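Residue numbers for the sequence shown follow numbering that gives the first Met the number 0, beginning at 0 and rising by one. Quick notes on the structure that follows.
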Amino acid sequence: MKRTIVLFFCSILWLISTQVGFADVIRIASGQSIQEAVDRALPGDTLRVSAGTYPQSGIVIRKPLVLIGEDYPVLDGEMKGNILVIAAENVTIQGFKIINTGKSNMDDSAAIKFFDSKNCVIKDNILENAFFGLHFSNSSGMTISGNQIHSDALREFEVGNGIHLWKCKDSFITNNQISGHRDGIYLEFVTNTEAAENLVQKNMRYGLHFMFSHDNSYIRNTFKNNGAGVAVMYTKNVMMKENRFEENWGSSAYGILLKDISDSEIVGNIFLKNTIGIYMEGSSRIEFTGNTFQQNGWALKLMASCDQNTFKANNFTQNTFDMSSNGSVVLNTITENYWDKYEGYDLNKDLIGDVPYRPINLYSVIVEKIPAAVMLWRSFMVTLLDRMEKILPTMTPDQMIDQSPKMKPYDFG
0 MKRTIVLFFC SILWLISTQV GFADVIRIAS GQSIQEAVDR ALPGDTLRVS
50 AGTYPQSGIV IRKPLVLIGE DYPVLDGEMK GNILVIAAEN VTIQGFKIIN
100 TGKSNMDDSA AIKFFDSKNC VIKDNILENA FFGLHFSNSS GMTISGNQIH
150 SDALREFEVG NGIHLWKCKD SFITNNQISG HRDGIYLEFV TNTEAAENLV
200 QKNMRYGLHF MFSHDNSYIR NTFKNNGAGV AVMYTKNVMM KENRFEENWG
250 SSAYGILLKD ISDSEIVGNI FLKNTIGIYM EGSSRIEFTG NTFQQNGWAL
300 KLMASCDQNT FKANNFTQNT FDMSSNGSVV LNTITENYWD KYEGYDLNKD
350 LIGDVPYRPI NLYSVIVEKI PAAVMLWRSF MVTLLDRMEK ILPTMTPDQM
400 IDQSPKMKPY DFG
């Protein structure tokens, strides 16, 4: 009886060791096939790839594996489709240089492509000359960290997005550097995801572009010198905190374009040297607090279709126009902001101006209706018109007024 029990437990231990325990390490040298190593590996194994160049593409992974590159081995796709294709759980790809994918909008060729995957890690890779850098669809629990993603494409149709997520959830995108792609980060039907501390610059269209992607947060990212800035659309419950939107210049370029966004917070961000800091259309119930608008053409363009938004305790300094609108009825709240153009007084010394401030001047109304009038900027006629409007306001929106303007700028640290 005792012998039977011992044999039973030995069998159980053997089964566990062969199926789930004691993962093996497989070493791959230059000249060997990564696909063959993947095929013979057991779930949970680690594949360590030695330095060198591996001219291989279409590598398919369908089991939990860890792939680690030593001294950044180069996976060269030789301009043939996808390089790594993954449809599995618990896969890690770390420490590779991946170059030269195919270029196809039909196939969305990518350096690393994930389908129907969960709890995967893509960390510390270098992706160059890829159509799409990292492409995810119908996946969850992805960690995308410390990757450098760059393309040298000359025209927008020659390249896809740096990081592209479609129908994904519960993911974390952090500390990546993305440049030269169509959109730096693109999210569609993505929920409960955080993007933090990424540097996204010099992309051809948008640094960040998302649609129908609810309950996400964007924290301490830098979006700089992208073709059209950042565009976010048709989404609710967004948190944008402590990001920098810089040097997005052009006739249709924005720090942020907000279209049909609702029930969101934009807190502690810096909008510096953009053609338009924020352009809002059809957006409601957004809290703007603790933001700095500095050296923009327009700090804020607030279309008449926006309502129930609150702008409180923000700094507006050195902007050509602080605000403009295309309507006469404004259904938003503007209060306790600092405006460097404010010329009022503070007799009771409570650091709040005793005279309300109207951030929309007559000239900005004229430029909104006749864009060519911007050529008259700083002329004596423009100064005279604005002075007259301050004395007898007739053309600027009556409700667009800050009743409690601050006398000194906020120190946001």
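No residue lacks a Cβ here, since even glycine has one placed at the ideal position from N, Cα and C. Note that the structure is a prediction, hence the values are computed from the model and not measured.
For residue i and residue j, I'd like the C-alpha separation in whole angstroms.
{"i": "residue 187", "j": "residue 239", "result": "17 Å"}
{"i": "residue 301", "j": "residue 310", "result": "11 Å"}
{"i": "residue 217", "j": "residue 243", "result": "11 Å"}
{"i": "residue 52", "j": "residue 114", "result": "26 Å"}
{"i": "residue 291", "j": "residue 143", "result": "29 Å"}
{"i": "residue 27", "j": "residue 60", "result": "16 Å"}
{"i": "residue 98", "j": "residue 194", "result": "24 Å"}
{"i": "residue 313", "j": "residue 398", "result": "18 Å"}
{"i": "residue 157", "j": "residue 70", "result": "30 Å"}
{"i": "residue 200", "j": "residue 320", "result": "25 Å"}
{"i": "residue 151", "j": "residue 129", "result": "9 Å"}
{"i": "residue 411", "j": "residue 315", "result": "13 Å"}
{"i": "residue 338", "j": "residue 249", "result": "25 Å"}
{"i": "residue 296", "j": "residue 273", "result": "6 Å"}
{"i": "residue 25", "j": "residue 67", "result": "10 Å"}
{"i": "residue 334", "j": "residue 405", "result": "9 Å"}
{"i": "residue 101", "j": "residue 56", "result": "9 Å"}
{"i": "residue 92", "j": "residue 162", "result": "15 Å"}
{"i": "residue 118", "j": "residue 79", "result": "28 Å"}
{"i": "residue 196", "j": "residue 347", "result": "43 Å"}
{"i": "residue 13", "j": "residue 85", "result": "With a pLDDT of only 40 at residue 13, under 50, the local geometry of the prediction cannot be trusted, and the value read off the model is given with reservation. Their backbone Cα atoms lie some 30 Å apart in a straight line."}
{"i": "residue 54", "j": "residue 76", "result": "6 Å"}
{"i": "residue 288", "j": "residue 263", "result": "11 Å"}
{"i": "residue 32", "j": "residue 245", "result": "45 Å"}
{"i": "residue 210", "j": "residue 168", "result": "14 Å"}
Given residue i, which residues of its chain have a CB within under 6 Å of its CB, disregarding the five upstream and five downstream residues?
{"i": "residue 256", "result": "230, 278"}
{"i": "residue 34", "result": "58"}
{"i": "residue 37", "result": "60"}
{"i": "residue 261", "result": "235, 283, 284"}
{"i": "residue 83", "result": "58, 111"}
{"i": "residue 164", "result": "135, 186, 189"}
{"i": "residue 126", "result": "97, 110, 132, 148"}
{"i": "residue 212", "result": "186, 189, 234"}
{"i": "residue 228", "result": "247, 252, 253, 254"}
{"i": "residue 298", "result": "276, 292, 315, 318, 321"}
{"i": "residue 214", "result": "190, 191, 236"}
{"i": "residue 177", "result": "148, 161, 183, 199"}
{"i": "residue 145", "result": "122, 123, 174"}
{"i": "residue 203", "result": "155, 181, 226"}
{"i": "residue 221", "result": "198, 243"}
{"i": "residue 305", "result": "279, 282"}
{"i": "residue 265", "result": "239, 287"}
Can you tell me which of the three DSSP states residue i falls into?
{"i": "residue 34", "result": "helix"}
{"i": "residue 188", "result": "coil"}
{"i": "residue 298", "result": "strand"}
{"i": "residue 20", "result": "The predicted position of residue 20 is uncertain, since its pLDDT is 49 and thus under 50; a value taken from the coordinates is nonetheless stated next. Of the three classes helix, strand and coil, the one that applies to residue 20 here is coil, per DSSP."}
{"i": "residue 371", "result": "helix"}
{"i": "residue 157", "result": "helix"}
{"i": "residue 416", "result": "This structure does not reach residue 416, given that the chain is present from 0 up to 412, and the question cannot be answered."}
{"i": "residue 278", "result": "strand"}
{"i": "residue 180", "result": "coil"}
{"i": "residue 141", "result": "coil"}
{"i": "residue 411", "result": "coil"}
{"i": "residue 213", "result": "coil"}
{"i": "residue 130", "result": "coil"}
{"i": "residue 248", "result": "coil"}
{"i": "residue 95", "result": "coil"}
{"i": "residue 354", "result": "coil"}
{"i": "residue 193", "result": "strand"}
{"i": "residue 28", "result": "coil"}
{"i": "residue 236", "result": "coil"}
{"i": "residue 335", "result": "coil"}
{"i": "residue 322", "result": "strand"}
{"i": "residue 230", "result": "strand"}
{"i": "residue 90", "result": "coil"}
{"i": "residue 109", "result": "strand"}
What is the C-beta distance between residue i and residue j, in whole angstroms, given that I count them as a contact (C-beta under 8 Å)?
{"i": "residue 308", "j": "residue 283", "result": "7 Å"}
{"i": "residue 81", "j": "residue 49", "result": "Incorrect: roughly 23 Å between the Cβ atoms, too far for contact."}
{"i": "residue 225", "j": "residue 205", "result": "6 Å"}
{"i": "residue 103", "j": "residue 140", "result": "Contact flag wrong, Cβ pair sits at about 28 Å."}
{"i": "residue 353", "j": "residue 341", "result": "Contact flag wrong, Cβ pair sits at about 11 Å."}
{"i": "residue 350", "j": "residue 258", "result": "Residue 350 to residue 258, Cβ: 36 Å. No contact."}
{"i": "residue 330", "j": "residue 294", "result": "29 Å between Cβ atoms; not a contact."}
In its own chain, which residues sit with a C-beta less than 7 Å from the C-beta of residue i, not counting the 5 before and 5 after it?
{"i": "residue 166", "result": "136, 137, 188"}
{"i": "residue 64", "result": "37, 40, 44, 46, 90"}
{"i": "residue 87", "result": "60, 61, 62, 63, 116"}
{"i": "residue 324", "result": "301, 302, 303, 359, 396, 399"}
Between the segment 249-264 and the segment 172-184, are three or more C-beta pairs nearer than 8 Å?
No, they do not touch.
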